[in-house]
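For the sequence shown, my numbering begins at 51 and goes up steadily by one.
Ideal Cβ placement from N, Cα and C applies to all residues, glycine included.
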Amino acid sequence: MDLKIYGFPQSRTFRVLWMAEEIRLAKGIDYQHDGRIFSSGPERDKLLSLNPMGQVPVIEDDGFVLRESMAINLYLSKKHDCLAVSTPEQEALAWQWSFWVMTSVDSVVLDYLRFKLGILGAQKDEQRTRELEVQLAKPVQVLNSELEMKSYLLGDEFCVADLNVASVFVWAQLGQLPMDHATHLQDWLSRCLGREPARLAQSKT
């Protein structure tokens with residue numbers, strides 16, 4: 051059991067746990083999970099020794115330390131040939147969608163949740179919530195259009211790109227972001243989250 055994942059599951063660690071469950075079920079490779087908050091004391095020192103930014107998730111994999119959730123998932127997928135892609139072009143597209151969802155969606159969705167629900171140090175703010183809904187409308191449209199003629203982002207097979215993107219849009223779904231018109235996106239998200247590894251990872255949150 052060489053892989054150890056650090057991070058509380060309600061964070062971006064969720065997507066790494068999802069990937070780890072995909073690998074466990076497909077390849078029989080188990081992992082350890084340290085889900086502490088790492089807020090102070092020796093626990094915090096341990097996290098800082100792994101990630102000087104003090105953020106999760108971070109992994110130790112047989113002595114190799116890696117941080118940033120998308121990089122972790124792309125690495126684990128390739129290492130274990132699980133949800134992996136087979137050509138340089140497909141690999142580039144997996145990177146493209148993983149980078150896209152982080153730069154265009156992830157932080158905006160988190161702000162949307164913060165101001166809609168009044169969490170993570172924010173007060174509820176209806177005007178700011180509406181502004182963020184408008185900002186998210188474009189990426190929702192882009193993803194919905196991409197999925198109009200195919201089941202998954204790279205074609206007919208669920209892959210690491212789908213996992214990475216779906217792991218962000220699940221937050222939008224939880225926050226009830228208006229996506230009723232985006233039927234292709236909703237159907238795709240249901241397929242992704244209906245996978246047993248996704249359900250197992252969600253059960254940890």
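Counting Cβ pairs, one atom from each stretch, are 3 or more of them under 8 angstroms apart for the segment 223-241 and the segment 185-204? yes
Which partner residues of residue 202 appear in the DSSP bridge assignment? What you label residue 202 is simply residue 152 of the sequence shown in a count that begins at 1. 205, per the DSSP bridge assignment.
Residue ranges of each alpha helix (DSSP H) within the segment 167-250, 4 or longer: 176-196, 210-224 and 233-243
Minimum Cβ-Cβ distance from residue 147 to chain B less than 7 angstroms: Although the question refers to chain B, the structure presented lacks it and comprises just one protein chain.
Option in 53, 62, 72 and 52 with minimal Cα separation from residue 250: Taking the sequence shown and counting its residues from 1, the one referred to as residue 250 is at position 200. Here the closest residue by C-alpha is 72.
Does the pairing of the segment 96-109 with the segment 63-71 give three or more beta-carbon distances under 8 angstroms? yes
Nearest by alpha-carbon distance to residue 245: which of 221, 209 and 232 is it? Your numbering for residue 245 matches position 195 in the sequence shown. Nearest option by C-alpha distance: 209.
Just to confirm my understanding: we take residue 77, look at its own chain, exclude 5 residues before and 5 after, and list those with CB closer than 7 angstroms. What are they? Here residue 77 corresponds to residue number 27 of the sequence shown, with the count starting at 1. Hits under 7 angstroms: 130 and 132.
First through last residue of the alpha helix (DSSP H) which encompasses residue 56: Along the sequence shown, one-based indexing puts residue 56 at 6. Taken as a continuous stretch (DSSP letters only), residue 56 belongs to no alpha helix (DSSP H), being part of the beta strand (DSSP E) at 53-56.
Tell me the DSSP secondary structure of residue 135 in three-state form. Walking along the sequence shown from the start, residue 135 turns up at place 85. Correct three-state label for residue 135: coil.
So the alpha helix (DSSP H) residue 66 belongs to, where does it begin and stop? For the purposes of this step, residue 66 is taken as residue 16 along the sequence shown, with counting starting at 1. Element bounds for residue 66: 63-77.
Would you mind sorting residue 206 into buried or exposed? The rule is 16 or more other CB atoms within 10 Å of its CB. Numbered from its first residue, the sequence shown carries residue 206 at position 156. Answer is exposed; the Cβ neighbour count stays below 16.
Distance between residue 179 and residue 235 (C-alpha atoms, nearest Å): In the sequence shown, the residue the question calls residue 235 occupies position 185. In the sequence shown, the residue the question calls residue 179 occupies position 129. If you take the alpha carbons of residue 235 and residue 179, they lie about 21 angstroms apart.
From the DSSP secondary-structure annotation, give me the bridge partner or partners of residue 114. Position 64 of the sequence shown, counted from the first residue, corresponds to residue 114. BP columns for residue 114 point to 111.
In chain order, what residues of the same chain have a beta carbon less than 7 angstroms from the beta carbon of residue 125, not counting five sequence neighbours either side? For the purposes of this step, residue 125 is taken as the residue at position 75 of the sequence shown. Taken in chain order, the residues that qualify are 116.
Does residue 95 come out as helix, strand or coil in the three-state DSSP assignment? Position 45 of the sequence shown holds residue 95. Helix.
Can you give me the start and stop residues for the beta strand (DSSP E) that residue 84 sits inside? For the purposes of this step, residue 84 is taken as the residue at position 34 of the sequence shown. Element bounds for residue 84: 82-84.
Which term fits residue 112, buried or exposed, when burial requires 16 or more other beta carbons within 10 angstroms of its beta carbon? Taking the sequence shown and counting its residues from 1, the one referred to as residue 112 is at position 62. When all chains shown are included, residue 112 counts as exposed.
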